[in-house]
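**Q** I have a structure I would like to understand better, so I am pasting it below and will then ask my questions one at a time.
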Amino acid sequence: EDKVVQSPLSLVVHEGDTVTLNCSYEVTNFRSLLWYKQEKKAPTFLFMLTSSGIEKKSGRLSSILDKKELSSILNITATQTGDSAIYLCAVANNRKLIWGLGTSLAVNP
Amino acid sequence: SAVISQKPSRDICQRGTSLTIQCQVDSQVTMMFWYRQQPGQSLTLIATANQGSEATYESGFVIDKFPISRPNLTFSTLTVSNMSPEDSSIYLCSVGLPGTSYEQYFGPGTRLTVT
Chain V
21 EDKVVQSPLS
31 LVVHEGDTVT
41 LNCSYEVTNF
51 RSLLWYKQEK
61 KAPTFLFMLT
71 SSGIEKKSGR
81 LSSILDKKEL
91 SSILNITATQ
101 TGDSAIYLCA
111 VANNRKLIWG
121 LGTSLAVNP
Chain A
146 SAVISQKPSR
156 DICQRGTSLT
166 IQCQVDSQVT
176 MMFWYRQQPG
186 QSLTLIATAN
196 QGSEATYESG
206 FVIDKFPISR
216 PNLTFSTLTV
226 SNMSPEDSSI
236 YLCSVGLPGT
246 SYEQYFGPGT
256 RLTVT
């Protein structure tokens with residue numbers, strides 16, 4: 021059965037800290053890995069990774085995929101209170117997205 | 146990207162009743178999806194809404210309980226029928242945009258509480 025596992029499940033840091041969120045997967049017919057940020061209800065798209073070793077970057081957020089290790093990390097540098105959210109990892113197979121449980125990040129001032 | 150709206154944003158319903166959730170997109174899209182996110186759980190795909198044909202349901206979800214309509218390329222509805230407290234959840238629609246591959250963009254969600 022396809023599965024996506026995220027760690028840690030929750031994390032509390034102080035503003036300015038750097039955090040690393042992990043996503044590992046066992047998915048047949050892998051197509052790509054996606055990261056989303058969920059505040060309140062709707063997830064918002066962050067990154068899509070298809071090729072191993074190529075970093076995607078947007079401001080203080082960056083992500084990379086390791087297809088050999090079947091995993092990805094999402095880094096957030098110089099965290100701000102506005103980064104507090106649930107970060108979801110999803111893997112696309114040839115039919116649908118398979119979602120992890122998410123990492124709940126709380127950034128304290 | 147696209148602007149996706151959902152109505153209602155939240156509702157409290159009595160068991161045994163039905164609720165229809167609407168999803169409207171400001172541009173034509175091929176792929177529309179309906180998800181459920183129960184408390185403390187991740188997103189679970191209910192079905193893919195196909196324009197002009199019956200929706201494709203995931204294992205564990207049936208048309209009698211979650212009928213879906215997709216009359217055109219910008220609109221879809223999901224009905225939660227004969228509700229029970231176990232149906233209390235956030236319901237989300239998402240779309241895949243033309244020219245993109247696997248990323249999906251989500252509506253603001255509907256928070257449903259069944260009493």
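Chains as they are written, first to last, in our numbering: chain V, 21 to 129; chain A, 146 to 260. Cβ coordinates follow ideal geometry from the N, Cα and C atoms, glycine included. Small disclaimer: the values here were computed from a predicted structure and weren't measured.
Just the C-alpha distance for A126 of chain V and S198 of chain A, rounded to the nearest angstrom, thanks.
**A** Straight-line Cα distance between these residues: approximately 43 Å.
**Q** Can you check which of these residues, V:S78, V:A98 and V:G73, is closest to K87 of chain V by C-alpha distance?
**A** Measuring from the Cα of K87 of chain V, the nearest candidate turns out to be V:G73.
**Q** Give the secondary structure of E59 of chain V by DSSP, where H, G and I count as helix, E and B as strand, and everything else as coil.
**A** Looking at E59 of chain V - three-state DSSP - the assignment turns out to be coil, as it is neither helix nor strand.
**Q** I want to verify the contact list: residues of chain B whose CB lies under 9 Å from the CB of R160 of chain A, in sequence order.
**A** In summary, chain B is missing from the structure at hand, where the protein chains are V and A.
**Q** Along chain A, in chain order, which residues have C-beta atoms closer than 8 Å to that of G120 of chain V?
**A** Within 8 Å Cβ-Cβ: S187.
**Q** Among V:T101, V:I93, V:V47 and V:T38, which residue has its Cα nearest to the Cα of Y56 of chain V?
**A** With distances taken between Cα atoms, Y56 of chain V lies closest to V:I93.
**Q** Between F67 of chain V and the ligand PLP, is the CB less than 6 Å from at least one heavy atom?
**A** As far as ligands go, the structure on display features none, and thus does not contain the ligand PLP.
**Q** Output yes or no for whether 7 Å exceeds the beta carbon distance between V165 of chain V and V39 of chain V.
**A** Given a span of 21 to 129 for chain V in the structure shown, any question on residue 165 of chain V remains unanswerable.
**Q** With 7 Å set as the bound, which would you pick, yes or no: does the beta-carbon of K116 of chain V sit closer than that to a beta-carbon of chain A?
**A** It does; some Cβ of chain A falls within 7 Å.
**Q** So, for T48 of chain V: in the same chain, excluding its five sequence neighbours on each side, which residues have a beta-carbon less than 8 Å away from its beta-carbon?
**A** Around T48 of chain V: D22 and N113.
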